[in-house]
Amino acid sequence: MYMNRPVRVLLAGNPNVGKSTVFNCLTGLRQHTGNWPGKTVETAEGQYRYKGREYRLVDLPGTYSLDARSGEEQVAREALERRDYDCVAVVCDGTMLRRNLILVYQILALEVPVVVCVNLMDEAERKGITVDSGKLSRLLGTAVIETAAGRNRGIEGLRERIRAAAEGFSPSAPPELPAGRRERAAMAAKTAQQVTKSAGRTGKGRADRILTGKWTGLPVMVLLLFALLWLTVAGANVPSELIWRGIRRGYEILSRWCADWPWWLRGALLDGVLLTAGRVVAVMLPPMAIFFPLFTLLEDLGYLPRMAYNLDRPMACCGGCGKMALTMCMGLGCNAAGVTGCRIIDSPRERLLAVLTNSFIPCNGRFGALILLMTVCLPTGMAGSAGAALGLTLFLILGVLAAMGVCRVLSATILRGMPSAFVLELPPFRVPRVGQVLIRSVLDRTLKVLGRAAGTAAPAGLILWVLTAVPLGEGSLLRGLAARAEPAGRFLGMNGALLLAFVLGWPANEIVLPVAALAVSGALELGNPALGPEILGMDWRMALCTAVFFLFHWPCATTCLTIRKETGSVKWTLLAAALPTGVGILLCAVLRVLLGLL
Numbered sequence: 133m134y135m136n137r138p139v140r141v142l143l144a145g146n147p148n149v150g151k152s153t154v155f156n157c158l159t160g161l162r163q164h165t166g167n168w169p170g171k172t173v174e175t176a177e178g179q180y181r182y183k184g185r186e187y188r189l190v191d192l193p194g195t196y197s198l199d200a201r202s203g204e205e206q207v208a209r210e211a212l213e214r215r216d217y218d219c220v221a222v223v224c225d226g227t228m229l230r231r232n233l234i235l236v237y238q239i240l241a242l243e244v245p246v247v248v249c250v251n252l253m254d255e256a257e258r259k260g261i262t263v264d265s266g267k268l269s270r271l272l273g274t275a276v277i278e279t280a281a282g283r284n285r286g287i288e289g290l291r292e293r294i295r296a297a298a299e300g301f302s303p304s305a306p307p308e309l310p311a312g313r314r315e316r317a318a319m320a321a322k323t324a325q326q327v328t329k330s331a332g333r334t335g336k337g338r339a340d341r342i343l344t345g346k347w348t349g350l351p352v353m354v355l356l357l358f359a360l361l362w363l364t365v366a367g368a369n370v371p372s373e374l375i376w377r378g379i380r381r382g383y384e385i386l387s388r389w390c391a392d393w394p395w396w397l398r399g400a401l402l403d404g405v406l407l408t409a410g411r412v413v414a415v416m417l418p419p420m421a422i423f424f425p426l427f428t429l430l431e432d433l434g435y436l437p438r439m440a441y442n443l444d445r446p447m448a449c450c451g452g453c454g455k456m457a458l459t460m461c462m463g464l465g466c467n468a469a470g471v472t473g474c475r476i477i478d479s480p481r482e483r484l485l486a487v488l489t490n491s492f493i494p495c496n497g498r499f500g501a502l503i504l505l506m507t508v509c510l511p512t513g514m515a516g517s518a519g520a521a522l523g524l525t526l527f528l529i530l531g532v533l534a535a536m537g538v539c540r541v542l543s544a545t546i547l548r549g550m551p552s553a554f555v556l557e558l559p560p561f562r563v564p565r566v567g568q569v570l571i572r573s574v575l576d577r578t579l580k581v582l583g584r585a586a587g588t589a590a591p592a593g594l595i596l597w598v599l600t601a602v603p604l605g606e607g608s609l610l611r612g613l614a615a616r617a618e619p620a621g622r623f624l625g626m627n628g629a630l631l632l633a634f635v636l637g638w639p640a641n642e643i644v645l646p647v648a649a650l651a652v653s654g655a656l657e658l659g660n661p662a663l664g665p666e667i668l669g670m671d672w673r674m675a676l677c678t679a680v681f682f683l684f685h686w687p688c689a690t691t692c693l694t695i696r697k698e699t700g701s702v703k704w705t706l707l708a709a710a711l712p713t714g715v716g717i718l719l720c721a722v723l724r725v726l727l728g729l730l
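In this note's numbering, the protein residues as written are 133 to 730.
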């Protein structure tokens, strides 16, 4: 009966030991890997065949011990204690084996079949570290295999040892060593790991003194952010124009091809679906194709944990913790992903703070509009790539400061509590594998976000065209709704069309400006993909107020649904939507008055 069912294997280990890379090598799946702790916030499952048997592999969240504190550690502990598996493969970091063996011994104490995978041996060898895996196997009483999963080294041997452990061919009983649990693990690491060369002070140590220094950490972080955004803005203009030319050419060809179609069908498909979705693709694809690979390079390099370290003290002063910086980084791509990533925060109170404030960070869907609005707000001489990048950098800093301010208010009122201590490992710097970064950032991030945006823009464009086609007085229903919203829009320093666009753009932020163009002109302009200020009827004052409201308004539909799922509460979901909206209304109203005085 055992031979007729798949072999179930759990993959466990500390954060940042290459566990997800081992999972990818074994199963061939492309699970997102990254060089920062807590990357896996939920279990991932895959399967592979070996010697005629099917193996089902479950990648557990990273955990330092079975004394669960955070949500992901609780998931790992419960999965291990269920014992509905045939083998556990525990992945360790060959450069820090002593610390990793604490978890190894705790899992061995469960008296289940175990294979110890000493990973990252390529890095260990570069540091002059060798591991006597034979002696370690005898001390632990279980199979030990050395791997370098990033180079696909030792993976075949790992498959064989998993098979042997699952079928009862290898020992798995814990050794009879004197002293307590932690002391026994430490004793095994002093005997199993020999450092053959002292690393001393290295260039990486000097880099950390700059990147995490008291006086240099935050300025360097801001400069890196500016450089990232400048490269994104400077590189996106030309490809965006080329993509839009192709879409416009396709529009002209299709217009001639379907000239005999009914006007309503032609207008709905071409003017509604094609132009709305096409503009979203033309504006969003180039920035994402540049931003995500550059951001992933920083992630693989190991900079994100250092960013969290730099922000830990300011966040703690506001009642949060440094791990919120990691979830904010996720929010730069997609706020829904940032909300899900809040699972890495141990404290339930601080995790809720991070969920409620993640939408203060502009997602990639808002980048295109903010870049355009920056070019309108800036003086003519500064309205270039560097000026737009500088403005976008300042807006991101404003979003972070607003999130910290709201955290401070919540911590003093409805979410009172002392900031908790947290363990955040600063991983070693690793040379990013550029090929893998490009493939992963394009497939896992760019196309995924773009597909969601285009999939939302297409039906939204159809609905918007219907609103423009339905007559109301001397105009359309869409213009009539915009006129009704005019007083509220003027109160915020915008106009009715823009405010209506924010409301109708709730499914996705990417469609806000196309909706505004439809409400103002009745049709999408076929010129440059970036909607100009003359189409939207705005001057620099209105552009500035619109940019502020773009930064601070309700989350998109996907993010709201994700917040509801993560918190299990409609109350917290409504609060998460009300907080940025309230800040946006207040700032826009004050800004309108101040600009009016000018």
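Cβ coordinates follow ideal geometry from the N, Cα and C atoms, glycine included.
| Query | Result |
| --- | --- |
| Would you mind giving the Cβ-Cβ distance between G452 and C539, rounded to the nearest angstrom? I have them listed as a contact below 8 Å. | 5 Å |
| Going by Cα to Cα distance, which pick from W597, C157, L693 is closest to V405? | W597 |
| Relative to the alpha-carbon of L650, which residue among I595, E299, N251 has its alpha-carbon at the smallest distance? | I595 |
| What does a CB cutoff of less than 6 Å around P310 pick up in its chain, not counting 5 residues either side in sequence? | Reliability of the predicted coordinates at P310 is poor, the pLDDT of 44 falling under 50, and no value is obtained from them. |
| Where M506 and G500 are concerned, what is the direct C-alpha to C-alpha distance, given to the nearest angstrom? | 10 Å |
| Assuming I493 and G531 make a contact with CB atoms under 8 Å, what is their CB distance in whole Å? | 5 Å |
| Near V250, what residues of its chain come up, given a Cβ to Cβ distance below 6 Å and the 5 sequence neighbours on each side ignored? | C224, G226, V263, E278 |
| So P541 packs on E698, CB below 8 Å; how close in whole Å? | Contrary to the premise, residue 541 reads as Val rather than Pro in this sequence. About 21 Å; that fails the 8 Å criterion. |
| Using the C-alpha atoms, what's the distance from L189 back to G160? | 11 Å |
| Compute the distance between the beta-carbons of A521 and W362, then report whether it is under 8 Å. | yes |
| For the candidate residues L464, P245, E205, C677, whose alpha-carbon lies nearest to that of V103? | This structure cannot settle anything about residue 103, because the visible part of the chain is limited to 133 through 730. |
| Mapping the DSSP letters down to three states, classify D218 as helix, strand or coil. | coil |
| Just verifying my parser: in three-state terms, what is the DSSP assignment at A604? | Going by the sequence as given, residue 604 is Leu instead of Ala. Three-state result, L604: strand. |
| Checking the sheet assignment: what are the DSSP bridge partners for Q179? | R188 |
| Whole angstroms are fine: how far does the CA of N490 sit from the CA of L547? | 16 Å |
| What would DSSP say about C453, mapped onto helix, strand or coil? | coil |
| Report buried or exposed for E482, applying the criterion of at least 16 other Cβ atoms within 10 angstroms of its Cβ. | buried |
| Can you tell me whether DSSP reads G145 as helix, strand or coil? | strand |
| Under DSSP, the alpha helix (DSSP H) around E642 begins and ends at which residues? | Where E642 is concerned, there is no enclosing alpha helix (DSSP H), given that its DSSP letter is neither H nor E. |
| Would you mind giving the Cβ-Cβ distance between S517 and F424, rounded to the nearest angstrom? I have them listed as a contact below 8 Å. | Not a contact, Cβ separation roughly 18 Å. |
| Does the distance from the CB of A679 to the CB of L502 come in under 8 Å? | yes |
| Which same chain residues, not among the five before or five after C82, have their C-beta less than 8 Å away from its C-beta? | Because the chain in this structure spans residues 133 to 730, residue 82 falls outside the shown range and cannot be described. |
| So L235 and Y196 are supposed to be a Cβ contact under 8 Å. How far apart are they, rounded? | 7 Å |
| Rank R215, T274, A281 by C-alpha distance to the C-alpha of Y237 and give the top, closest one. | T274 |
| Should V141 and Y182 be called a contact, given that it needs their Cβ atoms to be closer than 8 Å? | no |
| Using 8 Å for Cβ pairs, my map puts L401 next to I287. What's the rounded Cβ distance? | Actually they are not in contact, since the Cβ atoms of L401 and I287 sit about 50 Å apart, beyond 8 Å. |
| Between the Cα of R270 and those of V248, E210, R295, V566, spot the shortest distance and give me the residue it belongs to. | V248 |
| Between V352 and L360, how many whole angstroms is the CB-CB distance? I'm expecting something under 8 Å. | Wrong, their Cβ atoms sit about 12 Å apart, outside the cutoff. |
| Among P138, P646, G625, whose alpha-carbon lies nearest the alpha-carbon of A592? | P646 |
| Please report how far the alpha carbon of I476 lies from the alpha carbon of V569, in whole angstroms. | 23 Å |
| Check whether the Cβ atoms of P419 and T459 lie closer than 8 Å to each other. | no |
| So N148 and P559 are in contact, right, with Cβ under 8 Å, and what is the actual spacing, rounded? | 5 Å |
| Which partner residues does C249 have in the DSSP bridge list? | V223, I277 |
| Keeping to the same chain, check which residues put their C-beta closer than 7 Å to that of V581; ignore five residues upstream and five downstream. | M420, G465, C466, N496 |
| Here's the rule I'm using: 16 or more other beta-carbon atoms within 10 Å means buried, otherwise exposed. How should V354 be labelled? | exposed |
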